[in-house]
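Report on the following structure.
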Amino acid sequence: MILVTGGGGYIGAVTVRHLLRAGFRVRVVDKFLFGTDVLRDVFNQIEIVRSDIRKLDQSAFEGITAVLHLAGLSNDPTAEFNPTANREINAGGTEYVARLAKQSGVRRFIFASSCAIYDRGLSGNPDLLSEEAPVSPKAAYALSKLEAEEALLRLADERFQPIILRQGTVYGWSPRMRYDLVVNTFVKTAHQRGSLILFCRGEMWRPLVDVNDTARCYLTCLEADLNKVGGQIFNVSFRNYRIRDLAHEVKDALAGFVDVDIEFDDTPQTVRDYRVSTEKTERVLGFHPKVTIAEAVHDIASRIQRGINADFDNPKYYNIRWMELLHAAEEIVRNTGSIF
Ligand SMILES: NC(=O)c1ccc[n+]([C@@H]2O[C@H](COP(=O)([O-])OP(=O)(O)OC[C@H]3O[C@@H](n4cnc5c(N)ncnc54)[C@H](O)[C@@H]3O)[C@@H](O)[C@H]2O)c1
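Numbering (our numbering), first residue to last: 163 to 502.
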């Protein structure tokens, strides 16, 4: 049985379904910050442990053969919202889950890290970075992911073999939809206002990968020879895109759905800028992503046309808005007591 932490999230909700289709039994550990509805249609096929990863009980590992660790705060704004909690969850929580896994005899531990670790600020034409490239992230999110990676590598030995995936920014439709990821944001903004907005003239580069490909990468890791891939880091990306070029690709893909203009917003912004090499991932892990931007954009756009996730103002689609809302509500309920 596979333990998936964060199985109620954007990538997790897609991954759980891929695992079930591939014949795996699945136990999901999640705090369900975005609710449990996203897994409703597979409830009777999975086990659910509602828990904060920082307080997870060792019993969650009974019968587990591999861990997919996705739970955590998953972008810059939510990390900056509470950097201390972010570090406790993303770095401390990862180490805690890994220690429990190791104590329970689980060797295979797949970690959803991030290419954000490579960020060095806007340079306009960044080098193609391999997993060996020196990194010194400054932002809270990237730093917490790096600390988590380092903790996993310290724990690595014969009995514990982490596989660290530095994922590019993910795109595509998920039952737990996010519109705060660049491609998905473009599709949403195109429908909402008929335009795509580019900050910093869209000069920055990003590695990008589809959500179904990301799930397939986890399956590859579950089946890979641990002697070859254990204790190693892999970049996961379909292609590196300059955001300006990405905008044109999304605009073209949306032809037939909506007419789109491209607008520039010169308000100063902190943006990430990096390009990664996937040579090692293809050669050693044997993983090749295949879902194009156009395919993912068509999929999201055709769902929007059918009214699926077309309520763009719903704060649930934007992690920072949702977190701010939950935080404000928590404070009110704490002071007033139960509403009824
Ligand atoms: N989405 C991307 O573009 C991307 C890119 C690189 C890496 N990642 C990493 O992949 C993982 C999944 O990302 P996502 O986009 O699915 O994020 P998400 O925010 O949609 O999902 C995160 C899940 O973790 C759960 N969670 C958060 N804190 C928790 C805690 N303390 N205990 C238990 N559960 C908790 C949430 O309830 C949620 O279901 C994250 O670790 C993220 O950092 C994501």
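Glycine included, each C-beta is placed from N, C-alpha and C at the ideal position.
ask   = In chain order, what residues of the same chain have a beta carbon less than 8 Å from the beta carbon of L370, not counting five sequence neighbours either side?
value = Taking the sequence shown and counting its residues from 1, the one referred to as residue 370 is at position 208. Contacts found: G330, T331, V332, Y333, V344, V345, S399, F400, R401, N402, Y403, L408 and I455.
Assigned exposure category for S276 - 16 Cβ within 10 Å defines buried = As a first step, residue 276 is located in the sequence shown; it is residue number 114 there, counting from the start. Label assigned to S276: buried.
request  = Please determine, among K390, V178 and V349, the residue with the shortest C-alpha to C-alpha distance to E457.
outcome  = Numbered from 1 along the sequence shown, position 295 holds the residue referred to as residue 457. Nearest C-alpha to E457: V349.
inquiry  = Residues in the same chain with beta-carbon distance under 6 Å from L384, minus the five sequence neighbours each way, listed in chain order, please.
reply    = Translated into the one-based positions of the sequence shown, residue 384 becomes position 222. Result list for L384: A228, in chain order.
message = Within a Cβ cutoff of 7 Å, which residues of the same chain sit near H460, ignoring the five residues on either side of it in sequence?
response = As a first step, residue 460 must be located in the sequence shown, where it is residue number 298. Here H460 has A415 as same chain residues with Cβ atoms under 7 Å from its own Cβ, once five neighbours each way along the sequence are excluded.
ask   = Terminal residues of the continuous alpha helix (DSSP H) containing Y380?
value = Within the sequence shown, residue 380 is the residue found at index 218, counting from 1. Where Y380 is concerned, the enclosing alpha helix (DSSP H) stretches over V373 to E385.
task = Helix, strand or coil for I359, going by three-state DSSP, please let me know.
result = Start at 1 with the first residue of the sequence shown, and residue 359 comes out as number 197. In this structure, I359 counts as strand in the three-state DSSP scheme.
key: Alpha-carbon spacing of V188 relative to A241, whole angstroms   = Locating residue 188 in the sequence shown gives position 26, counting from the first residue. Locating residue 241 in the sequence shown gives position 79, counting from the first residue. Inter-residue distance for V188 and A241 is about 28 Å (C-alpha atoms, whole angstroms).
Same chain only: Cβ atoms within 8 Å of I561, ignoring 5 sequence neighbours per side = Nothing about residue 561 can be reported from this structure: the residues present for the chain run from 163 to 502 only.
query = Would the C-beta of K452 count as close to ligand 1, meaning under 7 Å from any of its heavy atoms?
reply = Residue numbering aside, residue 452 sits at position 290 when the sequence shown is read from its first letter. False, no ligand heavy atom lies under 7 Å from that Cβ.
inquiry  = Tell me whether the stretch 305-313 and the stretch 210-219 touch, counting them as touching only if at least three CB pairs, one residue from each stretch, are closer than 8 Å.
reply    = Too few Cβ pairs lie closer than 8 Å, so no.
Minimum length 3: unbroken beta strand (DSSP E) runs contained in the stretch 382-449 = Taking only runs of at least 3 residues, the beta strand (DSSP E) segments lying wholly in the stretch 382-449 are 394-398, 401-404 and 423-427.
ask   = Considering only the beta carbon of each residue, do L447 and F396 sit closer than 8 Å?
value = Position 285 of the sequence shown, counted from the first residue, corresponds to residue 447. Position 234 of the sequence shown, counted from the first residue, corresponds to residue 396. Pairing L447 with F396 gives a Cβ-Cβ distance under 8 Å.
Cβ-Cβ separation, I424 to K413 (assumed contact under 8 Å), whole Å = Along the sequence shown, read from residue 1 onward, the residue named residue 413 stands at position 251. Along the sequence shown, read from residue 1 onward, the residue named residue 424 stands at position 262. Rounded, the Cβ-Cβ distance is 6 Å, consistent with contact.
inquiry  = Checking the sheet assignment: what are the DSSP bridge partners for R212?
reply    = Taking the first residue of the sequence shown as 1, we reach residue 212 at position 50. For R212, DSSP records a beta bridge to D192.
message = Rounded to the nearest angstrom, what separates R338 and D199 at their Cα positions?
response = Position 176 of the sequence shown holds residue 338. Position 37 of the sequence shown holds residue 199. If you take the alpha carbons of R338 and D199, they lie about 9 Å apart.
task = Go ahead and pull the three-state DSSP assignment for A458.
result = What you label residue 458 is simply residue 296 of the sequence shown in a count that begins at 1. A458: helix per DSSP, three-state reduction.
Distance CB(H248)-CB(D342) smaller than 8 Å = Taking the first residue of the sequence shown as position 1, residue 248 is located at position 86. Taking the first residue of the sequence shown as position 1, residue 342 is located at position 180. First, the amino acid is wrong: residue 248 is Asn here, not His. In this structure, N248 keeps its C-beta atom at 8 Å or more from the C-beta atom of D342.
task = Report, in whole angstroms, the separation of the C-beta atoms of T177 and Y380, which I expect to be a contact under 8 Å.
result = Residue mapping note: residue 177 aligns to position 15 of the sequence shown, counting from 1. Residue mapping note: residue 380 aligns to position 218 of the sequence shown, counting from 1. That pair is a contact at about 6 Å.
request  = Answer with yes or no whether the minimum CB distance from G393 to chain B is below 8 Å.
outcome  = Looking at the structure shown, chain B is missing, and only one protein chain is on hand.
inquiry  = Using only the alpha-carbon positions, how far apart do I208 and G170 sit?
reply    = Looking up residue 208 in the sequence shown gives position 46. Looking up residue 170 in the sequence shown gives position 8. Rounded to whole angstroms, I208 to G170 spans 12 Å at the Cα level.
ask   = So does the stretch 424-436 actually touch the stretch 352-366, counting three or more Cβ pairs closer than 8 Å?
value = Touching, per the Cβ criterion.
inquiry  = Taking the alpha carbon of A253 as the reference point, which residue from G234, S266 and K264 has its own alpha carbon closest?
reply    = Taking the sequence shown and counting its residues from 1, one reaches residue 253 at position 91. Nearest neighbour of A253 by Cα position, chosen from G234, S266 and K264, turns out to be G234.
message = Please tell me whether D319 and A301 are closer than 8 Å, where the distance is taken between their beta carbons.
response = Taking the sequence shown and counting its residues from 1, the one referred to as residue 319 is at position 157. Taking the sequence shown and counting its residues from 1, the one referred to as residue 301 is at position 139. No, the pair does not count as a contact, with Cβ atoms beyond the cut-off.
message = For a test of your reading of the model: does the CB of S236 fall under 7 Å from any non-hydrogen atom of ligand 1? Yes or no.
response = For this step, residue 236 is matched to residue 74 along the sequence shown. With a cutoff of 7 Å, S236 counts as near ligand 1, since its C-beta is closer than that to a heavy atom of the ligand.
key: Three-state class that DSSP yields for T331 in the structure shown   = Position 169 of the sequence shown, counted from the first residue, corresponds to residue 331. In the structure shown, T331 sits in a strand (DSSP, three-state: E or B).
task = Could you tell me the distance, in whole angstroms, from the CA atom of F474 to the CA atom of R316?
result = Looking up residue 474 in the sequence shown gives position 312. Looking up residue 316 in the sequence shown gives position 154. If I take the Cα positions, the gap works out to 43 Å.
key: Cβ neighbours of V420 in the same chain (closer than 8 Å, five flanking residues each side left out)   = If you number the sequence shown from 1, residue 420 lands on position 258. Spatial neighbours of V420 in its own chain (CB-CB distance under 8 Å, excluding positions within 5 residues in sequence) are listed in chain order as A352, H353, G356 and A463.
key: Host beta strand (DSSP E) of V453 (start-end)   = Along the sequence shown, one-based indexing puts residue 453 at 291. Unbroken run through V453: none, as it is neither H nor E.
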